[in-house]
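Asker:
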Amino acid sequence: MKTLFDKVWDSHIVAQEEDETLLYVDRCLIHEGSRHTFDALHERGLSVAHPDKVFAFSDHYIPTDPQARSRGVASIPDAEIRNMVELLIRNTDEFKISRFGWGDARQGILHVAGPELGLSQPGIVLVGADSHTSTHGAFGNLSFGIGASETTHVVATQTIWQRRPDTLHIRIDGALGFGVTAKDIILAVIAKIGIGGAIGYAIEYAGSAIAAMSMNERMTICNMSIEAGGRAGMIAPDDTTYQFLAGRPFSPKGQAWDNALKFWRTLPSDPGAKFGKEVDIDAARVVPMVTWGTNPEQSLPITERVPDPDKEPDAETRIEYGKALTYMGLKPGMRLTEIAVDRVFIGSCTNSRIDDIRAAAAVAKLGRAVIPAWVVPGSESIKRQAEAEGLDRIFTDAGFEWRNAGCSLCTALNGDQLKPGERCGSTSNRNFQGRQGPGGRTHLMSPAMAAAAALRGHLVDVRELGGRN
Amino acid sequence: MEAFTTWSGIAVPFDETNVDTNQLCPTRFNKVPWGPRFAKILLHDRRFNADDSEKPDYILNQEPYRRAVIAVAGRNFGVGSSRETAVLGLMGFGIRSVIAPNFGDIFYNNSLKNGVLPVRLPTAIVDLLLRQLLAQRGAQMRVDLPSQTVTGPDGATHPFDIAPLSKKRLLLGLDEIAHTQEYGGEIKRFEERQAKDYPWLGAAPT
Chain P
1 MKTLFDKVWD
11 SHIVAQEEDE
21 TLLYVDRCLI
31 HEGSRHTFDA
41 LHERGLSVAH
51 PDKVFAFSDH
61 YIPTDPQARS
71 RGVASIPDAE
81 IRNMVELLIR
91 NTDEFKISRF
101 GWGDARQGIL
111 HVAGPELGLS
121 QPGIVLVGAD
131 SHTSTHGAFG
141 NLSFGIGASE
151 TTHVVATQTI
161 WQRRPDTLHI
171 RIDGALGFGV
181 TAKDIILAVI
191 AKIGIGGAIG
201 YAIEYAGSAI
211 AAMSMNERMT
221 ICNMSIEAGG
231 RAGMIAPDDT
241 TYQFLAGRPF
251 SPKGQAWDNA
261 LKFWRTLPSD
271 PGAKFGKEVD
281 IDAARVVPMV
291 TWGTNPEQSL
301 PITERVPDPD
311 KEPDAETRIE
321 YGKALTYMGL
331 KPGMRLTEIA
341 VDRVFIGSCT
351 NSRIDDIRAA
361 AAVAKLGRAV
371 IPAWVVPGSE
381 SIKRQAEAEG
391 LDRIFTDAGF
401 EWRNAGCSLC
411 TALNGDQLKP
421 GERCGSTSNR
431 NFQGRQGPGG
441 RTHLMSPAMA
451 AAAALRGHLV
461 DVRELGGRN
Chain H
1001 MEAFTTWSGI
1011 AVPFDETNVD
1021 TNQLCPTRFN
1031 KVPWGPRFAK
1041 ILLHDRRFNA
1051 DDSEKPDYIL
1061 NQEPYRRAVI
1071 AVAGRNFGVG
1081 SSRETAVLGL
1091 MGFGIRSVIA
1101 PNFGDIFYNN
1111 SLKNGVLPVR
1121 LPTAIVDLLL
1131 RQLLAQRGAQ
1141 MRVDLPSQTV
1151 TGPDGATHPF
1161 DIAPLSKKRL
1171 LLGLDEIAHT
1181 QEYGGEIKRF
1191 EERQAKDYPW
1201 LGAAPT
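Protein chains in written order, with this note's numbering: chain P, 1 to 469; chain H, 1001 to 1206.
#1: With DSSP run on the structure shown, which of helix, strand or coil describes V1150 of chain H?
#2: Could you say which of P:Q67, P:I97 and P:E20 lies nearest to R27 of chain P if we only look at CA atoms?
#3: Is V125 of chain P close to chain H, meaning its C-beta is less than 7 Å from at least one C-beta of that chain?
#4: When the cut-off is 7 Å and only beta carbons count, does E1186 of chain H lie next to chain P?
#5: Please list the segments of the beta strand (DSSP E) lying wholly inside the segment 1062 to 1125 of chain H, counting only runs of 3 or more residues, in order along the chain.
#6: Would you say A453 of chain P and L459 of chain P are within 7 Å of each other, going by their C-beta atoms?
#7: Given a threshold of 16 other Cβ atoms within 10 Å of its Cβ, counted over all protein chains shown, does R1131 of chain H qualify as buried or as exposed?
#8: Listing by chain order, which chain H residues have their CB less than 9 Å from the CB of N295 of chain P?
#9: If you reduce the DSSP assignment to three classes, tell me which class R248 of chain P lands in.
#10: Whose Cβ in chain P lies nearer than 8 Å to the Cβ of Q1023 of chain H?
#11: Does DSSP put I1220 of chain H in a helix, in a strand, or in coil?
#12: Considering only C-alpha positions, which residue in the set H:D1175, H:V1079, H:A1195 and H:I1010 is nearest to L1060 of chain H?
#13: For R335 of chain P, I'd like the list of residues in its chain whose CB is within less than 6 Å of its CB, leaving aside the five on either flank, ordered along the chain.
#14: Would you say S299 of chain P touches the ligand ZN, meaning its beta carbon is less than 6 Å from a heavy atom?
#15: CA-CA distance, A1124 of chain H and S70 of chain P?
#16: Could you tell me which chain P residues have their CB closer than 9 Å to the CB of F1014 of chain H, listed as they occur along the chain?
#17: Could you work out which residue in H:V1069, H:F1038, H:G1155 and H:Q1148 is closest to V1116 of chain H when comparing CA atoms only?
#18: Could you check which residue in P:A15, P:E297, P:S58 and P:T151 has the C-alpha nearest to that of A228 of chain P?
#19: Following the continuous beta strand (DSSP E) through G145 of chain P, name the residue where it begins and the one where it ends.
#20: Please say whether H136 of chain P and S120 of chain P have beta carbons closer to each other than 7 Å?
#21: Does the distance from the CB of I394 of chain P to the CB of N1102 of chain H come in under 7 Å?
#22: At the level of alpha carbons, what is the spacing between L142 of chain P and R368 of chain P?
#23: Measure the Cβ-Cβ separation of A283 of chain P and G147 of chain P and say whether it is below 7 Å.
#24: Do you know whose CA, among P:D308, P:L46 and P:A113, lies nearest E94 of chain P's CA?
#25: Find the nearest neighbour of A324 of chain P within the set P:P313, P:P309, P:T152 and P:P288, judged by alpha-carbon distance.
#26: So, at 8 Å on beta carbons, what are the nonlocal neighbours of T1146 of chain H in its own chain, with the 5 sequence-adjacent residues on each side left out?
#27: Can you give the Cα-Cα distance for W102 of chain P and N404 of chain P, rounded to whole angstroms?
#28: What is the DSSP secondary structure of A188 of chain P, reduced to helix, strand or coil?
#29: Per DSSP, which residues does I97 of chain P bridge with? Please list them.
#30: With a threshold of 16 other CB atoms inside 10 Å of the CB of Y1058 of chain H, please say whether the residue is buried or exposed.
#31: If the criterion is Cβ atoms closer than 7 Å, does the pair S428 of chain P and D416 of chain P meet it?
#32: Mind pulling the chain P residues with CB within less than 8 Å of T1034 of chain H?
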């Protein structure tokens, strides 16, 4: 009896030495930040083993300001940022790697545009030069983020050495309440197990709440596996997965589709398969969540108050909470809904897909933004779809800014960043100190909650606004 | 990769939990190519003011910690982003081994690839080492890979685990890519089998 993880791992073993496995890598995703890998290839005179198995995306450094996008690469004012955008173009041309870059209708964040292309298929091993590569596991594959040296190894050999992680089964049952989204569920999971709770584990998410989710929602869940320390996050493929994949550019067609489908249906964990650890979450009890601190486990239901460090029984927690509140500029005991925000960011590989944009638009329609609020779709294809649905007009009419696809204010690499002390309601994945810019303060939440914060100028329970999500 | 056998010298206590890779290397430095700039990049926003002047109260800006070669830290060290620049920052500063109860998986692997040794020790021992280092400024420690032991400021030794192949690579400073290329035959056979069993993976997009 094997788990989904066991099946994918075992079918990719090339060799075993001591307790490390040489795993075959079916697909490797890179981005503008992958310069250290190309530097190493050049320095060592290495070639790329299979350029057709490596895919490059322009996302981390590309501007998302529509005017800057129309002016072209040469117009990026910061020379170091421009260099990163140009390096990806030069390096992918040199090594004949497919690039979904500036001006390409398929451009977008690697974890958004990759799945749209049909690259993330059940049963494969996919690595990415980015920790949020765990996103792709939503399709029933083993996907994980790696560093620059490992990426160099992968592109040079199409393999990677790994120690076999243990397995963690997270069962999420029950129906999501009104105003509750996949983002709230995964924040609740991380709050429960902690940011180190899944270190050394490959997570499989299961249960009725997961089964009921769309692929976009499942990607939001798997995306933040790394925020619990997980090596990977996986969800068994089912009809929802196959419907998403049908007809995508890299999806099998005709007879190959039928053969693939037959294989994919063998992948879900066998009944009775054993996991190293099990965690249960009651989805029906989850309410909209926000982070108040400086890591993703420091979150609470929006109905709660900022914790008081002095009331924590554990000495280490008292210190952690105290430091977090100092950085965040918050008072113990204040209501979370009393926290005023300076701006709002709706985007990132966690929450920039069409479901997210629709949920935010449904709230934006109810009022007008009283603070700067950006909507940054995860891919140009999502941008076009949203525009076809008239969502861009809803946002701009409500005073939100509608931008081009990229990582933008989540990574703060392309010049989109917070000012010191500025506070942002954000749909991204990390609220670490300085993540959105030096001195910036981040509160993580769902797209509907972020849109609601934009209308009120402070954190707010989206359920009070009455809109649907 | 530079080999790692034994390092001894000044150990700096990072008496803090959850030091994520955003702290170790603020994102804007990810675009810096490997070189001497990394000496200043490690924990940059903790060490320097906005005008680039040093924050004198930060431990790495104080003697003798400017010469630290070992760091001891709380749990969840190096969680978060996959940026290898977090390890390059440690190397640039001169820190060759970090001791903590646990590490972010990607950071742990990135360290091994660069000849920086991440050492997992039980929380109680890490707490003890932190207390000793805080009590005795500039105390020295020793990390010995061949015997898999850490020697604390009091001279007591503590054993640690490391995967045998990772240990071998570190001790010999092995080139991992060259080592993997010895498996060229196995890789080729795997690819042939996969092309037969899962032909759609190699198909061009339509």
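By construction, the Cβ of each residue, glycine as well, lies at the ideal position given by its N, Cα and C atoms.
Answerer: On the basis of the coordinates in this document:
#1: Stepping through the second sequence from its first residue, residue 1150 of chain H is reached at position 150. It is a strand residue.
#2: Locating residue 27 of chain P in the first sequence gives position 27, where the first residue counts as 1. The shortest CA-to-CA distance from R27 of chain P to any of P:Q67, P:I97 and P:E20 is the one to P:I97.
#3: Within the first sequence, residue 125 of chain P is the residue found at index 125, counting from 1. False, the Cβ-Cβ gap to chain H never drops below 7 Å.
#4: Numbered from 1 along the second sequence, position 186 holds the residue referred to as residue 1186 of chain H. E1186 of chain H counts as touching chain P.
#5: You should have 1070 to 1073, 1097 to 1100 and 1117 to 1120.
#6: On the first sequence, position 453 is the one that residue 453 of chain P refers to. On the first sequence, position 459 is the one that residue 459 of chain P refers to. Cβ distance < 7 Å, so A453 of chain P and L459 of chain P count as in contact.
#7: Taking the second sequence and counting its residues from 1, one reaches residue 1131 of chain H at position 131. So R1131 of chain H counts as exposed.
#8: Sequence index remark: in the first sequence, residue 295 of chain P carries index 295 (1-based). Chain H residues near N295 of chain P: N1018, D1020, N1076, V1079 and G1080.
#9: Stepping through the first sequence from its first residue, residue 248 of chain P is reached at position 248. Coil.
#10: If you number the second sequence from 1, residue 1023 of chain H lands on position 23. Those are F432, Q433 and G434, listed as they occur along chain P.
#11: Examination of residue 1220 of chain H is not possible in this model, given that chain H is present from 1001 through 1206 alone.
#12: Here the question's residue 1060 of chain H lines up with position 60 in the second sequence. For L1060 of chain H, the nearest C-alpha among the options comes from H:I1010.
#13: Start at 1 with the first residue of the first sequence, and residue 335 of chain P comes out as number 335. R305, listed in sequence order.
#14: Among the components modelled here there is no ligand, and therefore nothing to report on the ligand ZN.
#15: Position 124 of the second sequence, counted from the first residue, corresponds to residue 1124 of chain H. Position 70 of the first sequence, counted from the first residue, corresponds to residue 70 of chain P. One C-alpha to the other measures close to 57 Å.
#16: One-based indexing of the second sequence puts residue 1014 of chain H at position 14. Close to F1014 of chain H, with beta-carbon spacing below 9 Å, lies no residue of chain P; the smallest spacing is near 13 Å.
#17: In the second sequence, counting from the first residue as 1, residue 1116 of chain H sits at position 116. Looking at the Cα atoms, H:V1069 is the closest of the given residues.
#18: Locating residue 228 of chain P in the first sequence gives position 228, counting from the first residue. Ranking P:A15, P:E297, P:S58 and P:T151 by CA distance to the CA of A228 of chain P puts P:E297 first.
#19: Within the first sequence, numbered from 1, the residue matching residue 145 of chain P stands at position 145. Counting along the chain, the beta strand (DSSP E) containing G145 of chain P begins and ends at L142 to G145.
#20: As a position in the first sequence, residue 120 of chain P is number 120, starting the count at 1. As a position in the first sequence, residue 136 of chain P is number 136, starting the count at 1. Contact annotation: S120 of chain P and H136 of chain P have beta-carbon atoms nearer than 7 Å.
#21: Taking the first residue of the first sequence as 1, we reach residue 394 of chain P at position 394. Taking the first residue of the second sequence as 1, we reach residue 1102 of chain H at position 102. No, the Cβ-Cβ distance between I394 of chain P and N1102 of chain H is not below 7 Å.
#22: Here residue 142 of chain P corresponds to residue number 142 of the first sequence, with the count starting at 1. Here residue 368 of chain P corresponds to residue number 368 of the first sequence, with the count starting at 1. In this structure, the straight-line span from the alpha carbon of L142 of chain P to that of R368 of chain P is close to 42 Å.
#23: Against the first sequence, residue 283 of chain P aligns to sequence position 283. Against the first sequence, residue 147 of chain P aligns to sequence position 147. Cβ distance not < 7 Å, so A283 of chain P and G147 of chain P don't count as in contact.
#24: Taking the first residue of the first sequence as position 1, residue 94 of chain P is located at position 94. Among P:D308, P:L46 and P:A113, the Cα nearest to that of E94 of chain P is on P:L46.
#25: Along the first sequence, read from residue 1 onward, the residue named residue 324 of chain P stands at position 324. Closest by alpha carbon: P:P309.
#26: Walking along the second sequence from the start, residue 1146 of chain H turns up at place 146. According to the sequence shown, residue 1146 of chain H is Pro rather than Thr. Here the set comprises T1005, T1006 and L1171.
#27: Here residue 102 of chain P corresponds to residue number 102 of the first sequence, with the count starting at 1. Here residue 404 of chain P corresponds to residue number 404 of the first sequence, with the count starting at 1. Distance from the CA atom of W102 of chain P to the CA atom of N404 of chain P, rounded to whole angstroms, is 11 Å.
#28: By one-based count along the first sequence, residue 188 of chain P stands at place 188. In the structure shown, A188 of chain P sits in a helix (DSSP, three-state: H, G or I).
#29: Residue mapping note: residue 97 of chain P aligns to position 97 of the first sequence, counting from 1. Note: I97 of chain P sits in no beta bridge, so no partner.
#30: On the second sequence, residue 1058 of chain H is found 58 positions in, with the first residue counted as 1. Exposed is the call here.
#31: By 1-based counting over the first sequence, the position of residue 428 of chain P is 428. By 1-based counting over the first sequence, the position of residue 416 of chain P is 416. No; because the gap between Cβ atoms is not below 7 Å, this pair is not in contact.
#32: Within the second sequence, residue 1034 of chain H is the residue found at index 34, counting from 1. Residue 1034 of chain H is actually Trp in this sequence, not Thr. The contacting residues are H36 and D39.
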